[in-house]
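J.: Residue 3 is where the sequence shown starts when you use my numbering, and the numbers rise one by one after that. Glycine included, C-beta positions come from ideal geometry on N, C-alpha and C. Below is the structure I would like to discuss, written out as structure tokens.
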Amino acid sequence: MKEYKSYFRAAIDAMSGYTPGEQPKVMDLLKLNTNENPYPPCPAVMDGLKDIDAERLRLYPDPTADKLRDTIAETYGYERENIIVSNGSDDMLTIAFRAFTDAQRSVACLYPTYSLYTVLAGLQGCPYIKIPLKEDFSINNDLLEKAAPANLLIITRPNAPTGNCIAIDDMRKICSEFDGIVLIDEAYADFSVDNCIDFVREFPNIIVSRTVSKSYSLAGLRLGFAIASPELIVGMMKVKDSYNVNILTQYLAELAIKDQKYLNKTLSKIKVSRTKLTTELKALAFEVVDSQSNFLFASPPDGDAEKLFKALREENIIVRYFPGEKTGKYVRITIGTEEQLQRLTDFLKKKSLN
Ligand SMILES: Cc1ncc(COP(=O)(O)O)c(C=O)c1O
Numbered sequence: 003m004k005e006y007k008s009y010f011r012a013a014i015d016a017m018s019g020y021t022p023g024e025q026p027k028v029m030d031l032l033k034l035n036t037n038e039n040p041y042p043p044c045p046a047v048m049d050g051l052k053d054i055d056a057e058r059l060r061l062y063p064d065p066t067a068d069k070l071r072d073t074i075a076e077t078y079g080y081e082r083e084n085i086i087v088s089n090g091s092d093d094m095l096t097i098a099f100r101a102f103t104d105a106q107r108s109v110a111c112l113y114p115t116y117s118l119y120t121v122l123a124g125l126q127g128c129p130y131i132k133i134p135l136k137e138d139f140s141i142n143n144d145l146l147e148k149a150a151p152a153n154l155l156i157i158t159r160p161n162a163p164t165g166n167c168i169a170i171d172d173m174r175k176i177c178s179e180f181d182g183i184v185l186i187d188e189a190y191a192d193f194s195v196d197n198c199i200d201f202v203r204e205f206p207n208i209i210v211s212r213t214v215s216k217s218y219s220l221a222g223l224r225l226g227f228a229i230a231s232p233e234l235i236v237g238m239m240k241v242k243d244s245y246n247v248n249i250l251t252q253y254l255a256e257l258a259i260k261d262q263k264y265l266n267k268t269l270s271k272i273k274v275s276r277t278k279l280t281t282e283l284k285a286l287a288f289e290v291v292d293s294q295s296n297f298l299f300a301s302p303p304d305g306d307a308e309k310l311f312k313a314l315r316e317e318n319i320i321v322r323y324f325p326g327e328k329t330g331k332y333v334r335i336t337i338g339t340e341e342q343l344q345r346l347t348d349f350l351k352k353k354s355l356n
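Written out as structure tokens, the structure reads:
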């Protein structure tokens, strides 16, 4: 066979790609590692699946997903011209990197934060500015100074994997003073007490990115959407793949977004479980970051999160562990059902007695 040599761009050879959380095939596992919602999607989605006419799949989907965009616009108090949809919010992030960054236009992100951003910067070949958070994962006073050279600033709110939120007044200051695009990644905002959706009315340089993966229990469907000024939407539309959201997703996501009552019901259950798990972990001497999301970032009493991660794995409980200077003391635990979290805390209590 002819000897292999790489034809990839140097940037691709140099990077390692994104590592998604484990998606195990074994059913007995308690999966608390990728922040999926433990409750089923709303009944309208379950019914809608049965109504799908397979013959429709012969046709391409609406490239601009107007019907779905109208539903999102109506639900969130905007116009169709303020909305763009994507194949999960990861696709929205790709669109933003392609639209706003290049070798001369850098991106600035918090640290720690969602690890996909560094991967996208590597792919795009844009400089990556890390803005370290304080020990307690709040922001430093020099955030705007550090971000200043960037063309795109990504603020993840609530942040991942830490779960906490930058104060809304600080967000307003960042949005008004940063000279560039501020993309607010609100993948977890439905679990929070507040959000930045209204900022789009105040600032022309803001993109608020959302997903149905977490709060709407539809991670498998792949739908993200962003709200921004019409000028930004027009530009981002040029960058996206023509048919980036398939027919089934356009149809089913619309049904889910229309059912805000069901959404709020599941959100309340998750928030109650989040409070309960926080209290229980603190009683076991864990340090727990104040969470506004559907997961907790928690450090065990001995600080050895890697050992805890492995011990849980042996019990068939998967959480997420991010080795690293600021993250290595913590595990990230997705809020599951009451029964699931009981299984987790029963094990932790037993372990603390040994
Ligand atoms: C902060 C953040 N943004 C975006 C995403 C991507 O979500 P999706 O592509 O499923 O919409 C995730 C997923 O874990 C996330 O944690």
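#1: Got a sec: does ligand 1 put a non-hydrogen atom nearer than 7 angstroms to the Cβ of Ala162?
#2: Could you pull the start and end residues of the alpha helix (DSSP H) that Cys128 belongs to?
#3: Quick check on the DSSP output: the beta strand (DSSP E) that includes Ala228 runs from which residue to which?
#4: Distance check for Ile141 and Tyr113, CA to CA, integer angstroms please.
#5: Output the boundary residues of the beta strand (DSSP E) element that contains Ala110.
#6: Quick check on Glu188: buried or exposed, where buried means 16 or more other Cβ atoms within 10 Å of its Cβ?
#7: Would you report the Cα separation of Ala221 and Val214, rounded to the nearest angstrom?
#8: Determine the contact status of Leu250 and Ile54, defining contact as a CB-CB distance below 8 angstroms.
#9: Are at least three pairs of beta-carbons, each pair with one atom in the stretch 22–42 and one in the stretch 336–343, less than 8 angstroms apart?
#10: If Asn166 and Asp292 are in contact, beta carbons under 8 angstroms, what's the gap, nearest whole angstrom?
#11: Given a threshold of 16 other Cβ atoms within 10 Å of its Cβ, counted over all protein chains shown, does Phe10 qualify as buried or as exposed?
#12: Are there any heavy atoms of ligand 1 lying less than 7 angstroms away from the beta-carbon of Asn37, as far as the coordinates show?
#13: Out of Ala16, Leu51, Ala12, Arg71, which has the shortest C-alpha to C-alpha gap to Leu254?
#14: Using the beta-carbon count (16 or more within 10 Å), is Leu59 buried or exposed?
#15: Please classify Ser211 as buried or exposed, where buried requires at least 16 other C-beta atoms within 10 Å of its C-beta.
#16: Counting Cβ pairs, one atom from each stretch, are 3 or more of them under 8 angstroms apart for the stretch 226–239 and the stretch 290–310?
#17: From the DSSP output, read off the bridge partner residues of Val87.
#18: Indicate whether Lys331 and Ser354 have their beta-carbon atoms separated by less than 8 angstroms.
#19: Compute the minimum distance between the beta carbon of Gly226 and the heavy atoms of ligand 1, and state whether it is under 7 angstroms.
#20: Less than 8 angstroms between the C-beta atoms of Val321 and Leu34, yes or no?
#21: Is Leu185 near Ala98, with beta carbons less than 8 angstroms apart?
#22: Which same chain residues end up closer than 7 angstroms to Asp350 when comparing Cβ atoms and leaving out the 5 residues on each side of it in sequence?
T.: Considering the structure as presented:
#1: Here residue 162 is taken as the residue at index 160 of the sequence shown, counted from 1. Ala162 Cβ: within cutoff of ligand 1.
#2: On the sequence shown, position 126 is the one that residue 128 refers to. Here Cys128 belongs to no alpha helix (DSSP H), and DSSP marks it neither H nor E.
#3: Taking the first residue of the sequence shown as position 1, residue 228 is located at position 226. Unbroken beta strand (DSSP E) run through Ala228: 226–230.
#4: As a working mapping, residue 113 is identified with position 111 in the sequence shown. As a working mapping, residue 141 is identified with position 139 in the sequence shown. Using only the alpha carbons, I get a separation of about 10 angstroms.
#5: Residue mapping note: residue 110 aligns to position 108 of the sequence shown, counting from 1. Element bounds for Ala110: 109–113.
#6: For the purposes of this step, residue 188 is taken as the residue at position 186 of the sequence shown. Glu188 comes out buried.
#7: In the sequence shown, counting from the first residue as 1, residue 221 sits at position 219. In the sequence shown, counting from the first residue as 1, residue 214 sits at position 212. Roughly 7 angstroms between the two C-alpha positions.
#8: Locating residue 250 in the sequence shown gives position 248, counting from the first residue. Locating residue 54 in the sequence shown gives position 52, counting from the first residue. Against a cut-off of 8 angstroms, the Cβ pair of Ile54 and Leu250 comes out as a contact.
#9: The answer is yes - the stretch 336–343 touches the stretch 22–42, with three or more Cβ pairs under 8 angstroms.
#10: Stepping through the sequence shown from its first residue, residue 166 is reached at position 164. Stepping through the sequence shown from its first residue, residue 292 is reached at position 290. Contact flag correct, Cβ pair sits at about 6 angstroms.
#11: Your numbering for residue 10 matches position 8 in the sequence shown. Looking at its Cβ environment, which holds fewer than 16 other Cβ atoms inside 10 Å, Phe10 is exposed.
#12: Here residue 37 is taken as the residue at index 35 of the sequence shown, counted from 1. True, at least one ligand heavy atom lies under 7 angstroms from that Cβ.
#13: As a first step, residue 254 must be located in the sequence shown, where it is residue number 252. Measuring from the Cα of Leu254, the nearest candidate turns out to be Leu51.
#14: Taking the first residue of the sequence shown as position 1, residue 59 is located at position 57. By the neighbour-count rule (16 or more Cβ atoms within 10 Å), Leu59 is not buried but exposed.
#15: Here residue 211 corresponds to residue number 209 of the sequence shown, with the count starting at 1. Around the beta carbon of Ser211, a 10 Å sphere encloses 16 or more other beta carbons of the protein chains shown; the residue is thus reported as buried.
#16: no
#17: Translated into the one-based positions of the sequence shown, residue 87 becomes position 85. Paired residues: Phe227.
#18: Along the sequence shown, read from residue 1 onward, the residue named residue 331 stands at position 329. Along the sequence shown, read from residue 1 onward, the residue named residue 354 stands at position 352. In this structure, Ser354 does not lie closer than 8 angstroms to Lys331 by Cβ.
#19: Start at 1 with the first residue of the sequence shown, and residue 226 comes out as number 224. At least one heavy atom of ligand 1 is nearer than 7 angstroms to the Cβ of Gly226, so yes.
#20: Taking the first residue of the sequence shown as 1, we reach residue 321 at position 319. Taking the first residue of the sequence shown as 1, we reach residue 34 at position 32. Yes, the pair counts as a contact, with Cβ atoms nearer than the cut-off.
#21: The residue given as residue 185 occupies position 183 in the sequence shown. The residue given as residue 98 occupies position 96 in the sequence shown. Yes; because the gap between Cβ atoms is below 8 angstroms, this pair is in contact.
#22: Sequence index remark: in the sequence shown, residue 350 carries index 348 (1-based). For clarity, residue 350 is Leu in the given sequence; the question names Asp instead. Only Leu286 meet the Cβ criterion.
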